[in-house]
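Heads up: the sequence shown is residues 27 to 361, going by the numbering used here. The C-beta atom is built at its ideal place from N, Cα and C for all residues, glycine as well. Beneath this line is the structure, given in structure tokens, with notes to follow.
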Amino acid sequence: MVTALCALAMAATAAAWLFARDPLVIVTTELAGLFIVATVSTIVVRRELRPLEDAAEAADAIAAGDLSHRIDAAVTAPTTEVGRLSHALNAMLDGIEAALSAREASEERMRQFVADASHELRTPLQSLRGYAELYRHGALPDKAAVDEAMDRMLSEVRRMGGLVESLLMLARFDEWTEADLEPVDLSRIVADSCRDAAAVEPDRPRTLRVQPGVTVLGDEAQLRSLMANLLGNIRMHTPPDTHCTVELHTTDGAAELTVRDEGPGIPEHAVAHVFDRFYRADKGRSRAHGGSGLGLSIVAAITELHDARIRLDSSPGQGTRLDVLFPRHDAYQAP
27 MVTALCALAM
37 AATAAAWLFA
47 RDPLVIVTTE
57 LAGLFIVATV
67 STIVVRRELR
77 PLEDAAEAAD
87 AIAAGDLSHR
97 IDAAVTAPTT
107 EVGRLSHALN
117 AMLDGIEAAL
127 SAREASEERM
137 RQFVADASHE
147 LRTPLQSLRG
157 YAELYRHGAL
167 PDKAAVDEAM
177 DRMLSEVRRM
187 GGLVESLLML
197 ARFDEWTEAD
207 LEPVDLSRIV
217 ADSCRDAAAV
227 EPDRPRTLRV
237 QPGVTVLGDE
247 AQLRSLMANL
257 LGNIRMHTPP
267 DTHCTVELHT
277 TDGAAELTVR
287 DEGPGIPEHA
297 VAHVFDRFYR
307 ADKGRSRAHG
317 GSGLGLSIVA
327 AITELHDARI
337 RLDSSPGQGT
347 RLDVLFPRHD
357 AYQAP
């Protein structure tokens with residue numbers, strides 16, 4: 027546009043020299059042409075450089091702590107240098123804001139995790155200290171009282187040891203970047219886990235439907251832990267006479283594990299949080315009988331490490347169903 031105006035001004039000047047004999051007319055024409063060219067050039071240059079000014083304003087705003095500020099890239103064509111710069115800066119700012127938000131969320135989860143872990147460990151430690159103080163001050167009158175106190179102390183030590191083992195397991199899962207997977211007979215693991223659960227609760231009614239020879243790529247120890255926590259969740263949160271069903275079958279080469287109970291179910295407000303660490307749907311449940319709130323967190327972590335998907339279906343009075351969907355063998359192979 028500026029080039030066209032310059033050509034027009036030069037044409038007007040040439041016409042003045044050809045057709046006008048008065049020097050004043052010629053000078054006036056030249057000055058008018060130059061003024062028009064200068065004015066239009068200034069407007070065009072300012073318009074084209076406006077995104078650069080926006081970029082400078084965005085940089086100042088970001089330096090002041092406002093990460094939500096963006097450059098108005100809609101006023102420039104993305105094919106121009108300034109337009110590409112504006113879009114690139116906006117994309118970079120989106121990435122920076124997302125990374126900082128993720129870091130803040132991670133730090134908040136870590137603070138909550140440390141607070142919850144400290145709270146969980148404080149309870150058994152207080153019990154141990156209480157029984158030790160009773161023994162120290164001679165408040166246990168006879169051997170029977172001492173034996174009962176020792177049993178309670180051992181119970182708290184076992185519970186604290188189980189909690190620490192669960193925390194260490196989750197910490198290892200968080201640092202595990204790539205699982206060392208190998209073919210594992212999932213049918214055998216499920217059958218063994220159900221036999222172990224039956225030994226602990228022989229009176230609980232069970233239905234077991236396991237397709238033989240179901241093999242997945244996984245870590246056997248982790249898969250056994252997954253089954254132990256799924257069955258332990260039923261044992262912890264349903265009455266002893268509640269019926270449960272465990273099924274394993276394949277669909278199009280993918281393995282599907284289902285663990286279902288006919289217990290009281292999970293409140294609606296808690297369904298979205300049952301896989302959170304230390305979460306309990308019943309805030310008043312005793313820690314001695316309600317678990318640590320880590321079982322399903324471990325299940326979710328193991329499922330993620332195996333590139334599997336977990337699906338929860340539960341409602342009050344209708345029981346709870348958990349499905350773990352393992353991918354086909356060829357899904358693990360690099361293309």
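Nonlocal neighbours in the same chain, by C-beta distance under 7 Å from residue i, ignoring five residues either side
| i | result |
| --- | --- |
| Lys309 | The predicted position of Lys309 is uncertain, since its pLDDT is 49 and thus under 50; no value can be drawn from it. |
| Thr54 | none |
Straight-line gap, residue i to residue j (C-alpha atoms, nearest Å)
| i | j | result |
| --- | --- | --- |
| Glu227 | Arg286 | 16 Å |
| Arg214 | Gln248 | 14 Å |
| Leu348 | Gly156 | 40 Å |
| Gly279 | Pro266 | 35 Å |
| Asp222 | Asp168 | 38 Å |
| Pro231 | Gly345 | 15 Å |
| Ile190 | Ile324 | Per the sequence presented here, residue 190 reads as Val, with Ile not at that position. Taking the straight line from one Cα to the other gives about 13 Å. |
| Arg235 | Leu274 | 6 Å |
| Ala314 | Ala175 | With a pLDDT of only 46 at Ala314, under 50, the local geometry of the prediction cannot be trusted, and the value read off the model is given with reservation. Straight-line Cα distance between these residues: approximately 16 Å. |
| Phe61 | Asp86 | 35 Å |
| Gly343 | Pro290 | 5 Å |
| Leu111 | Val70 | 19 Å |
| Ile260 | Ile292 | 12 Å |
| Phe301 | His163 | 44 Å |
| Ala225 | Glu130 | 46 Å |
| Ala58 | Ala117 | 45 Å |
| His113 | Thr68 | 25 Å |
| Val66 | Glu79 | 19 Å |
| Met376 | Ala296 | Outside the displayed span of the chain (27 to 361) sits residue 376, for which this structure offers no information. |
| Ala128 | Glu107 | 32 Å |
| Glu159 | Asp229 | 40 Å |
| Arg73 | Glu133 | 44 Å |
| Ala90 | Ala64 | 37 Å |
| Gly239 | Asp92 | 58 Å |
Beta-carbon spacing of residue i, residue j below 8 Å
| i | j | result |
| --- | --- | --- |
| Leu351 | Ala327 | no |
| Glu182 | Leu147 | no |
| Gly258 | Gly188 | no |
| Thr241 | Val210 | yes |
| Val172 | Leu166 | yes |
| Leu243 | Glu294 | no |
Cut-off 6 Å between Cβ atoms - residues of its own chain near residue i, not counting five sequence neighbours on either side
| i | result |
| --- | --- |
| Arg185 | Pro150 |
| Arg250 | Ile215 |
| His269 | Pro231, Glu288 |
| Ser312 | Here Ser312 scores only 44 on pLDDT, less than 50, and its place in the model is too uncertain to base an answer on. |
| Ser341 | Gly291 |
| Thr264 | Asp287, Gly289 |
| Gly121 | none |
Proximity to residue i [Cα-Cα], best of the options
| i | options | result |
| --- | --- | --- |
| Asp245 | Leu212, Arg235, Val172, Cys270 | Leu212 |
| Ile88 | Glu133, Thr264, Glu123 | Glu123 |
| Met253 | Asn116, Asp206, Ser67, Val272 | Val272 |
| Leu256 | Val242, Thr233, Pro290, Ser219 | Ser219 |
| Ala281 | Pro293, Val297, Ile292, Ile336 | Ile336 |
| Thr329 | Ala296, Asp339, Leu283 | Leu283 |
| Pro353 | Thr277, Leu193, His299 | Thr277 |
| Gln237 | Glu159, Arg72, Ala217 | Ala217 |
| Leu196 | Ala225, Val140, Ala90 | Val140 |
| Ala298 | Asp339, Met262, Gly91, Thr264 | Asp339 |
Same chain only: Cβ atoms within 8 Å of residue i, ignoring 5 sequence neighbours per side
| i | result |
| --- | --- |
| Arg178 | Ser153, Tyr157 |
| Ser94 | Glu123 |
| Tyr161 | Val172, Ala175 |
| Ala170 | none |
Integer Cβ distance of residue i from residue j, believed to fall under 8 Å
| i | j | result |
| --- | --- | --- |
| Arg96 | Leu126 | No, Arg96 and Leu126 are not in contact; Cβ-Cβ is about 15 Å, not under 8 Å. |
Short CB-CB distance (under 8 Å) between residue i and chain C
| i | result |
| --- | --- |
| Pro228 | Considering every chain present, this structure includes no chain C. It has just one protein chain. |
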